[in-house]
Ligand code: UTP
């Protein structure tokens with residue numbers, strides 16, 4: 101099975117849920133504690149053995165390219181001022197990864213954004229990470245999916261259990277435990293996916309988290325997918341086609357997911373990661389304890 105080397109990070113969305121913050125600043129550059137969201141995703145790529153990160157960008161997103169570019173003037177300024185720790189932080193942002201950029205000229209959906217990366221991905225398996233989702237676990241989320249892909253050759257997505265009253269906010273899978281798999285009931289065979297179903301119609305409580313490992317044949321499935329009611333091509337359309345061919349697995353994620361694309365999720369991520377920060381955590385905890393709520 102081909103080794104997973106590439107990851108696609110779609111960053112061309114309009115970020116409407118965070119307006120007015122995202123009028124001139126990309127949502128993916130909003131900061132949780134001391135790093136922009138996109139850096140969490142890139143660090144996950146590096147920790148997962150990815151070598152080449154492909155950003156699908158759009159207008160007003162050049163801050164992302166600048167963030168991952170070299171900054172020799174800033175580094176030497178910091179070194180001259182004796183701020184070597186800050187200089188190191190700046191230098192290590194790119195994590196030794198290779199970066200490529202391609203454009204999605206109109207935000208026509210996540211499936212369309214992924215399709216824009218087809219030429220740069222080529223005939224290889226690839227990861228997709230939604231950068232507004234922070235996935236925190238002992239084994240990096242993308243690493244876990246890559247290992248399952250490399251063992252099976254099948255597409256695989258992470259899912260987590262959500263309460264019934266929240267299924268309408270997610271992509272929900274219809275699946276059964278994969279028989280005789282070495283991962284026991286952690287890996288499921290996906291039969292179908294439904295985007296944001298009502299509680300009555302949801303086929304399960306397993307929600308798609310925002311981490312995917314896909315075979316290149318998904319590009320053919322996306323090319324022939326028809327845009328939905330709002331003119332967008334959803335990644336779910338391509339995933340459904342893979343599932344119908346029996347080529348899609350789901351892996352139950354056992355880490356913590358922060359949906360920072362949503363305001364409440366963003367605040368939760370800030371509090372939780374602030375509490376875990378080695379330098380800030382203790383004082384932040386004292387501050388929170390002292391709040392009169
Ligand atoms: P979201 O739906 O969370 O992002 O897509 P959005 O559309 O920017 O946000 P809202 O709903 O308007 O607030 C998840 C990821 O997919 C990218 C987004 O940039 C985000 O990182 N995306 C989404 C694209 O690249 N292109 C699209 O057409 C849609």
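Numbering (our numbering), first residue to last: 101 to 393.
Glycine included, each C-beta is placed from N, C-alpha and C at the ideal position.
Keep in mind the model is a prediction, meaning the values are calculated, not measured.
For residue 117, the shortest separation between its Cβ and any heavy atom of the ligand UTP lies below 7 Å. Nearest to residue 167 by C-alpha distance, out of 187, 136, 157, is 136.
Residue 327 and residue 217 have their C-alpha atoms some 18 Å from each other.
In terms of CA proximity to residue 246, 315 leads the group 315, 109, 373, 122. When secondary structure is reduced to three states using DSSP, residue 206 falls in the coil class, being assigned neither helix nor strand.
Among the bridge pairs identified by DSSP, residue 359 is matched with 233. Distances from the CB of residue 303 to the heavy atoms of the ligand UTP are all 7 Å or more.
Cβ-Cβ separation between residue 309 and residue 260: approximately 5 Å, consistent with a contact (criterion under 8 Å). The distance from the Cβ of residue 297 to that of residue 268 is about 7 Å, consistent with a contact at the 8 Å cut-off. The Cβ neighbour count for residue 337, taken over all protein chains shown within 10 Å, is at least 16; the residue is labelled buried. Between the ligand UTP and the CB of residue 156, the shortest heavy atom gap is smaller than 7 Å. Apart from the 5 residues on each side of it in sequence, residue 203 sits with its Cβ closer than 8 Å to the Cβ of 112, 156, 157, 158, 216 in its chain, given in chain order. In the three-state reduction of the DSSP assignment, residue 135 falls in the strand class, which pools E and B.
Assignment of beta-bridge partners to residue 268 by DSSP yields no partner. Residue pairing of residue 199 in beta bridges, as defined by DSSP: 153.
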